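Peer 1:
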Amino acid sequence: MLSAEGLIKRFNGIAAVDGLSLTVGRGEIFALLGPNGAGKTTTINCFLGFVAPDRGRATVGGVDVAMYPRETKRVLAYIPEQVNLYSHFSGLENLSYFSELAGARHREETLRGFLAEAELQKEAHDRRVTGYSKGMRQKVGIAIALAKDAKALLLDEPTSGLDPSASHEFSVLLRRFAMRGAAVLMATHDLFRAKDVAARVGIMRHGRLAHTFTAAELSDTDLEKLYLETMQA
């Protein structure tokens, strides 16, 4: 569903992404680990069409993002580190608005069903999001992805700033979303959560994938030790 083929992106002559190739299949969660500046966010932005690669290509469902940005955006959902919602709207109103922007119109009952599926408390549906926690905002983000029937979900540091309980709850939601057949690509610093939730984990360094592991391989791998060794190499 998501594919990067020899992706290169430079800023001021410096490669943020340097010949990156990866794929994320339907129903798969792929976690990208790496320090700040490793190229994780730039990779996400290439899939979103926020930046155009200098060489190589990013595709969504086989469609080139740089050539057909509108078409690919229709099947993508994005949850950044801080989910931007309209503070004077309620969770329900935000969901309705962003769903309609994506061309997905639903009855109120259906929208409330998406919020419930994302495990946003019923009493919060009609509250302004000004008082929402980060975890609650993310749940609205998941509900938006459900409402537009997104085929792929891109996330940038989704668990930073969450307490362990909220982080675990969010991981459960990601698994459920992937079980619907969606591809999930998550950039994160959270080694524990990456190992816990992802089917595959890639470690990025200097814009390249230094290592990639399957969930089965990770069960016998000291990920923290390998991560530190990779950063010091």
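Under numbering that gives the first Met the number 0, the first residue of the sequence shown carries the number 0, and numbering increases by one thereafter.
All C-beta atoms in this analysis are idealised placements derived from N, C-alpha and C, irrespective of residue type, glycine included.
No experiment lies behind these values; they were computed from the predicted model shown.
What residue range does the beta strand (DSSP E) around PHE88 cover?
Peer 2: Taken as a continuous stretch (DSSP letters only), PHE88 belongs to no beta strand (DSSP E), as it is neither H nor E.
Peer 1: Would you say GLY233 and LYS133 are within 7 Å of each other, going by their C-beta atoms?
Peer 2: Only positions 0 to 232 of the chain appear in the structure, and residue 233 is not among them; the question remains open.
Peer 1: On the DSSP letters alone, give me the boundaries of the alpha helix (DSSP H) that SER164 sits inside.
Peer 2: Counting along the chain, the alpha helix (DSSP H) containing SER164 begins and ends at 163-178.
Peer 1: Which complete beta strand (DSSP E) runs does the segment 69-139 hold, if anything under 3 residues is left out?
Peer 2: 75-78
Peer 1: Answer with buried or exposed for LEU172, where buried requires no fewer than 16 other C-beta atoms within 10 angstroms of its C-beta.
Peer 2: Residue environment for LEU172: buried (at least 16 other C-beta atoms within 10 angstroms of its C-beta).
Peer 1: Provide the residue(s) that pair with THR213 in DSSP beta bridges, ordered along the chain.
Peer 2: ARG199
Peer 1: Would you tell me roughly how many angstroms separate the C-alpha atoms of GLN231 and PHE88, rounded to the nearest one?
Peer 2: Whole-angstrom Cα-Cα distance: 47 Å.
Peer 1: Using a Cβ-Cβ cut-off of 6 Å (strictly less than) and excluding sequence neighbours within five positions of ILE43, which residues of its own chain qualify?
Peer 2: LEU153, ASP155 and ALA186
Peer 1: Count the CB pairs spanning the segment 78-88 and the segment 207-219 that are closer than 8 Å, and state whether there are at least three.
Peer 2: no
Peer 1: On the three-pair Cβ rule with 8 Å, is the segment 27-34 touching the segment 187-206?
Peer 2: yes
Peer 1: Mark LYS224 as exposed unless 16 or more other C-beta atoms lie within 10 angstroms of its C-beta, in which case mark it buried.
Peer 2: exposed
Peer 1: Where do the N-terminal and C-terminal ends of the beta strand (DSSP E) with LYS8 fall, by residue?
Peer 2: 1-10
Peer 1: Looking at the structure shown, is PHE49 part of a helix, part of a strand, or coil, going by DSSP?
Peer 2: coil
Peer 1: Straight-line CA distance for PHE169 to THR158?
Peer 2: 8 Å
Peer 1: Quick one: grab the DSSP three-state call for ARG204.
Peer 2: strand
Peer 1: Reducing DSSP to helix, strand and coil, say where ARG54 ends up.
Peer 2: strand
Peer 1: Is SER2 near THR58, with beta carbons less than 7 Å apart?
Peer 2: Judged by beta-carbon spacing, THR58 lies within the 7 Å limit of SER2, meaning their Cβ atoms are closer than that value.
Peer 1: Identify whether THR220 lies in helix, strand or coil by the three-state DSSP scheme.
Peer 2: coil
Peer 1: Excluding five sequence neighbours on each side, which residues of the same chain lie with their C-beta closer than 7 Å to the C-beta of MET135?
Peer 2: LEU119 and ALA123
Peer 1: According to DSSP, which residues form a beta bridge with ASP155?
Peer 2: ALA186
Peer 1: Could you give the distance in angstroms between the alpha-carbon of VAL128 and the alpha-carbon of VAL82?
Peer 2: 11 Å
Peer 1: Could you tell me which of LEU227, ASP195 and THR229 sits nearest to SER218, measuring between CA atoms?
Peer 2: ASP195
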